[in-house]
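Enquirer: Chains as they are written, first to last, in this note's numbering: chain B, 1 to 311; chain Z, 312 to 639.
A virtual CB, placed ideally from N, CA and C, is assigned to each residue, including glycine.
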Amino acid sequence: MLGPISAEELGLVAIHEHIGYGMPGSELDTKWWKTPEERYEETVPKLRKFHENGGGTFVDATGICNGRDIDYYKSLSRKTGVHIVACTGFVGGDTALPHFARASVDYLARHFIHEITVGIGDTGSKAGVIKVGVSRGGRMTELDKRIYRAAARAAVATGVPILTHLAIDARPAIDIFNEEGLPLDRVLFGHVDDGVNAESTPDTWIIEQGGRLGFDTFGYETELPDPPFWARPRKDRMEHFLRFVQGGHADKVLASADANCSPLGWPGVKGHTVNYIFEVLIPDLRANGVDEATINKIFVENAADFLSIRN
Amino acid sequence: MTDTTTSTPTVNTVLGPVPADELGVVAVHEALLSVVPGAEHAYDISMDRAEIFEVLAGKLRDFRAHGGGTIVDSTGMFHGRDVNLYEALSRSTGVHIVASTGMGPEEMLGGYFLTPQTNPPTPWPAEKFADLFTKEVTEGMVVPRVERRGAAGLVASTATSEGMTATDESLFRGAARTALNTGVPVSIRYGKDALGDLGVVLDEQLPAHRIVVGGLDRRDAAAAGAPLEVAQRGAFVALDHVGLDDDDAYLTDRERAALVLDLVKAGHGSRILLSSNAIGVAKGQPDYDLPFSYVVSKFVPFAKLQGLSDEDARRILVDNPRDLLTLR
Ligand SMILES: [Zn+2]
Numbered sequence: 001m002l003g004p005i006s007a008e009e010l011g012l013v014a015i016h017e018h019i020g021y022g023m024p025g026s027e028l029d030t031k032w033w034k035t036p037e038e039r040y041e042e043t044v045p046k047l048r049k050f051h052e053n054g055g056g057t058f059v060d061a062t063g064i065c066n067g068r069d070i071d072y073y074k075s076l077s078r079k080t081g082v083h084i085v086a087c088t089g090f091v092g093g094d095t096a097l098p099h100f101a102r103a104s105v106d107y108l109a110r111h112f113i114h115e116i117t118v119g120i121g122d123t124g125s126k127a128g129v130i131k132v133g134v135s136r137g138g139r140m141t142e143l144d145k146r147i148y149r150a151a152a153r154a155a156v157a158t159g160v161p162i163l164t165h166l167a168i169d170a171r172p173a174i175d176i177f178n179e180e181g182l183p184l185d186r187v188l189f190g191h192v193d194d195g196v197n198a199e200s201t202p203d204t205w206i207i208e209q210g211g212r213l214g215f216d217t218f219g220y221e222t223e224l225p226d227p228p229f230w231a232r233p234r235k236d237r238m239e240h241f242l243r244f245v246q247g248g249h250a251d252k253v254l255a256s257a258d259a260n261c262s263p264l265g266w267p268g269v270k271g272h273t274v275n276y277i278f279e280v281l282i283p284d285l286r287a288n289g290v291d292e293a294t295i296n297k298i299f300v301e302n303a304a305d306f307l308s309i310r311n
Numbered sequence: 312m313t314d315t316t317t318s319t320p321t322v323n324t325v326l327g328p329v330p331a332d333e334l335g336v337v338a339v340h341e342a343l344l345s346v347v348p349g350a351e352h353a354y355d356i357s358m359d360r361a362e363i364f365e366v367l368a369g370k371l372r373d374f375r376a377h378g379g380g381t382i383v384d385s386t387g388m389f390h391g392r393d394v395n396l397y398e399a400l401s402r403s404t405g406v407h408i409v410a411s412t413g414m415g416p417e418e419m420l421g422g423y424f425l426t427p428q429t430n431p432p433t434p435w436p437a438e439k440f441a442d443l444f445t446k447e448v449t450e451g452m453v454v455p456r457v458e459r460r461g462a463a464g465l466v467a468s469t470a471t472s473e474g475m476t477a478t479d480e481s482l483f484r485g486a487a488r489t490a491l492n493t494g495v496p497v498s499i500r501y502g503k504d505a506l507g508d509l510g511v512v513l514d515e516q517l518p519a520h521r522i523v524v525g526g527l528d529r530r531d532a533a534a535a536g537a538p539l540e541v542a543q544r545g546a547f548v549a550l551d552h553v554g555l556d557d558d559d560a561y562l563t564d565r566e567r568a569a570l571v572l573d574l575v576k577a578g579h580g581s582r583i584l585l586s587s588n589a590i591g592v593a594k595g596q597p598d599y600d601l602p603f604s605y606v607v608s609k610f611v612p613f614a615k616l617q618g619l620s621d622e623d624a625r626r627i628l629v630d631n632p633r634d635l636l637t638l639r
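This is the structure in C-alpha cells:
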C-alpha cells in the first residue's frame, strides 16, 4: 500500500485476509453501517496485535466491488506498521458489478494491469495480487472464466500472482492458466479447506499440476458458538492441512484465517480475527509436531516466494 | 417527511417537500448523473465532481431558461445517484430536483441482493426491497455508508428487456408496497410486456393513478396498442423518448405527436406524460446528450402545430406530472 518493498521485509504473512468485506450493494443497507470511529476502533487493535505477535504483512483479498478502500488501508498501514498488500480483481463473477460483468477479457486485463502497474484509482497505490474466484453454486460461470483469463494475462504481463476464492471446479481454471502460459506456481488455489467445498476440491490434483494450495479459512470452525455455513470441525481442517504439510508438500501450501477486521455487509464471525494464526493455528501446528523451520517456510518463505513480482 | 400541519399537497424534492403547485413544467423520466454500477471503479473513467457539476448545472439552467421547473432523476438508488450533488445543483440553478429510490433490472443489482452470504444464496424477496425503498422515503436517501439525506420522491424500477425475471418481480412488488407505505408514486419501465408488468404492480393493490409506465413510445408497445390500454387502466402513459428520432425500436417524434393526439382524442389527456430519458452526465455508457429542455422547447411546439391545444399541452407538462408526484 505504501509502495513496493523487498520480499525480505514481508516477514510473517497472512496471505488471505480482509480489512472489511461486503457484497456489492450492501453499502445501500444502513443495517451494516458503522461510523469511521467504530471502524478504526474495531480494526486498529487487531492489526496492532498482529504486529506485536510478529506479523509482518496482511494481504487484503477484498475485490474491487466489495468495499476495497485503499486510502483507508494506507492510513491503517502507516499507523500500525503492518504492511498491507491490496488486490485487484474480483472475489467471483457474482461480485463484479455490471460495468465489469459486461466487459471483455481484454478490458478486464487492461484494468487489472493498470491497477498493478499505474495504481488503483487516484491513490497511487498498486495492487500486489490478483483476486479471482468461483461464483456461488460451485461451477465456474462464463463471467468467472472471463475474469480468470483476464487475470492470467495480467499475471503474465506484470509478474504479480493470482489468489483464488475457492478451488472447486479447478479444471477449467487450470486449463485457462495453461492456455495463457501462466506457470501454476503463480496461483494460490484458495479455500481448499473450506467446510462446504473441501470434499469436492481436487487438492492433490492441483498440486500435481504445479499449483499452490491455500488453507486459508482457518478458524471458521463448527466449534464456534454461532458458526457460519462454511465452518468445519477444527480437527478435520488440521488433519487435512497436515496431510500436505507432512506429506512432502510443505513448500506448496499457505495458510491464513480469512477474517474480517470490521465486516462491511454481513455480521462477521464474532471473535474470529487474523490473530487466530498466532493464538491457535501455530500452537496447534507445534502440538502436532510441525517444526519451526516448516512453520517459517509456510508463513514466511512460501509467502515471499509467491508474492514476489516475477518478471 | 410530509408536512402534517397543513393540507397543502407536497412533493419530495432533494431540498425538502415543495408545494405541488410550485413544480411548474416537469420532466419525469430523466437522468442527471447516470453511472453504470461499477464504472466508478474503472481505470479509464474519471469522476471529476467539479466537471460533473458544471455540465449538469449548464443543462439545468438551459431547462429553466426554456420554462422548465422540475427534473425527476428516475434512475433509482444504484445508478450514480448523488444526493449531495443534486442538492447543490438545485440550490444553484433554482430547478426543483426530485430524486428516486428503487433499482432494476436484475442485471443492474449488486450481488448483495442476488447471491447473499446465506446458504443457499436466495435472492431478496419483495418485502425486503419494500423495506429498503420505504426507508429511503421515510428516513431519507442514502449516501452509501455515510448518511441519509432528503426523502425520495419516486420509486423506480425496470424489468429485464427479454422479460421480467423473478427478482424483477420482487423489485416491482417492493416498489408498489413502498408507494402504499409512503405515498410516493411508482415508475416502471417494462421489459417485454407493458400490461403484464403493470399488472404486477396493480396486483399489490396500488391504485393505477399512482403508477407511470415508461417506454410506451417503444414501437412494439405502440403497435400492440399498449399506450391506450395502459391509459384505460388509469395509469400514466410516459412517452419518454422524445427527441429519439433515429432508433428503429422507437417511434419518431412525428409518430409520437400523433400518438399524443390519439390519446387526447380518446379522452386520456390527463394520463399522458412526456419526457426524454436524456442523460445529463453518462459514465460507463454512451452519452445521450439531448437537452432536458427538448420536450418543452421543440417537441411540444411541434405537437401544437399538429393540433395539440394549449390547454392539453399545459396539462401534459404541468398538471399530470404534478398529480403523479404529489404525495398521497
Ligand atoms: Zn476471503
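Residues with a Cβ closer than 5 Å to any heavy atom of ligand 1, in chain order?
Expert: The answer, residue by residue, is B/Ala61 and B/Asp258.
Enquirer: B/Ile282: buried (16+ other C-beta within 10 angstroms of its C-beta) or exposed?
Expert: It is buried - the Cβ of B/Ile282 has at least 16 other Cβ atoms within 10 Å.
Enquirer: Identify, in the order they occur along the chain, each residue of the same chain with its Cβ nearer than 6 Å to the Cβ of Z/His377, setting aside the five sequence neighbours on each side.
Expert: Hits under 6 Å: Ser604, Val607 and Ser608.
Enquirer: Which residues, taken in chain order from the segment 417-429 of chain Z, show a beta carbon closer than 9 Å to some beta carbon of chain B?
Expert: Listed by position along the chain: Glu418, Met419, Leu420, Gly421, Gly422, Tyr423, Phe424, Leu425, Thr426, Pro427, Gln428 and Thr429.
Enquirer: In terms of residue numbering, what span does the alpha helix (DSSP H) encompassing Z/Pro612 cover?
Expert: Unbroken alpha helix (DSSP H) run through Z/Pro612: Val611 to Leu616.
Enquirer: With C-beta atoms as the reference, is Z/Leu527 less than 7 Å away from Z/Ala537?
Expert: Contact: yes.
Enquirer: What residue range does the alpha helix (DSSP H) around Z/Arg500 cover?
Expert: Looking at the DSSP string, Z/Arg500 is not in any alpha helix (DSSP H); the run it does join, the beta strand (DSSP E), is Val497 to Arg500.
Enquirer: If we define contact as Cβ-Cβ less than 7 Å, is Z/Tyr397 a contact residue for chain B?
Expert: Not closer than 7 Å to any Cβ of chain B, the Cβ of Z/Tyr397 fails to qualify, so no.
Enquirer: Given this structure, state the Cα-to-Cα distance separating Z/Met312 from Z/Gly327, to the nearest angstrom.
Expert: Residue placement at Z/Met312 is flagged as unreliable, the pLDDT there being 46, under the threshold of 50; the coordinate-derived value follows with that caveat. Whole-angstrom Cα-Cα distance: 8 Å.
Enquirer: Considering Cα atoms alone, identify which of Z/Thr319, Z/Val337, Z/Asp359 and Z/Ala470 is closest to Z/Gly510.
Expert: Among Z/Thr319, Z/Val337, Z/Asp359 and Z/Ala470, the Cα nearest to that of Z/Gly510 is on Z/Ala470.
Enquirer: Please check if any C-beta of chain B sits within less than 7 Å of the C-beta of Z/His390.
Expert: Judged by the 7 Å Cβ criterion, Z/His390 is not in contact with chain B.
Enquirer: Could you have a look at B/Thr158 and say whether DSSP puts it in helix, strand or coil?
Expert: The answer is helix: DSSP assigns B/Thr158 an H, G or I state.
Enquirer: Touching or not, the segment 293-302 of chain B and the segment 64-71 of chain B, by the rule of three or more beta carbon pairs under 8 Å?
Expert: Not touching, per the Cβ criterion.
Enquirer: Residue range of the beta strand (DSSP E) that Z/Arg521 falls in?
Expert: Run containing Z/Arg521: none; DSSP gives neither H nor E here.
Enquirer: Mind reading off the beta-carbon distance from Z/Thr478 to Z/Met452? Whole number of angstroms is fine, and I expect it under 8 Å.
Expert: In fact, because the Cβ distance is near 22 Å, the residues do not count as touching under 8 Å.
Enquirer: Using DSSP's beta-bridge definition, name the partner residues of Z/Ala342.
Expert: Partner(s): Z/Ile590.
Enquirer: When you compare the CB of B/Phe229 with every CB in chain Z, is at least one pair closer than 7 Å?
Expert: Closer than 7 Å to some Cβ of chain Z, the Cβ of B/Phe229 qualifies, so yes.
Enquirer: Between Z/Pro597 and chain B, is the shortest Cβ-Cβ distance under 7 Å, so that the two count as touching?
Expert: Closer than 7 Å: no.
Enquirer: Rounding to the nearest angstrom, what Cα-Cα distance links Z/Gln516 and Z/Asn631 in this structure?
Expert: Computed Cα separation, rounded: 21 Å.
Enquirer: Locate the alpha helix (DSSP H) running through B/Ile309, then write down its first and last residues.
Expert: From DSSP, B/Ile309 is part of no alpha helix (DSSP H); its letter is neither H nor E.
Enquirer: Any beta carbon of chain C sitting closer than 7 Å to that of B/Met23?
Expert: Absent here is chain C; the protein component of the structure consists of chains B and Z.
Enquirer: Nearest-angstrom Cα distance between Z/Met388 and B/Pro98?
Expert: Going by the C-alpha atoms only, they are around 15 Å apart.
Enquirer: Tell me which same chain residues have a C-beta within less than 6 Å of the C-beta of Z/Val347, skipping the five on either side of it?
Expert: Excluding positions up to five away in sequence, the list reads Gly595 and Gln596.
Enquirer: I want to know whether the segment 139-159 of chain B touches the segment 102-116 of chain B - three or more CB-CB distances under 8 Å.
Expert: Yes, the segment 139-159 of chain B touches the segment 102-116 of chain B.
Enquirer: For chain B, find out if any of its Cβ atoms is closer than 7 Å to the Cβ of Z/Tyr501; answer yes or no.
Expert: So no, Z/Tyr501 is outside the interface.
Enquirer: Going by the DSSP bridge assignment, what does B/Gly214 pair with across the sheet?
Expert: According to DSSP, which records beta bridges pairwise, B/Gly214 is partnered with B/Leu254.
Enquirer: Step through the CB atoms of chain Z and report whether any lies within less than 7 Å of the CB of B/Ile64.
Expert: Interface residue, yes.
Enquirer: Hey, could you find the ends of the alpha helix (DSSP H) Z/Ala361 is sitting in?
Expert: Looking at the DSSP string, the run of the alpha helix (DSSP H) that includes Z/Ala361 is Arg360 to Ala376.
Enquirer: Once DSSP output is grouped into helix, strand and coil, what is the label at B/Leu12?
Expert: Looking at B/Leu12 - three-state DSSP - the assignment turns out to be strand.
Enquirer: Return the Cβ separation of Z/Phe613 and Z/Asp564 in integer angstroms, given the expectation that the two are a contact with Cβ distance under 8 Å.
Expert: Going by Cβ atoms, the distance from Z/Phe613 to Z/Asp564 rounds to 7 Å, so yes, they are a contact pair.
Enquirer: Compare the Cα-Cα distances from B/Met238 to each of B/Pro228, B/Asp284, B/Gly247 and B/Glu279 and report the closest residue.
Expert: Comparing Cα positions, the closest option is B/Asp284.
Enquirer: DSSP three-state label for B/Lys34, please.
Expert: Residue state, collapsed to three classes: coil.
Enquirer: Could you confirm whether any beta carbon from chain B is found closer than 7 Å to the beta carbon of Z/Tyr605?
Expert: It does not; no Cβ of chain B falls within 7 Å.
Enquirer: Can you tell me whether Z/Thr489 is buried or exposed, with buried defined as 16 or more other CB within 10 angstroms of its CB?
Expert: The residue in question, Z/Thr489, is buried, as its Cβ has 16 or more Cβ neighbours within 10 Å.
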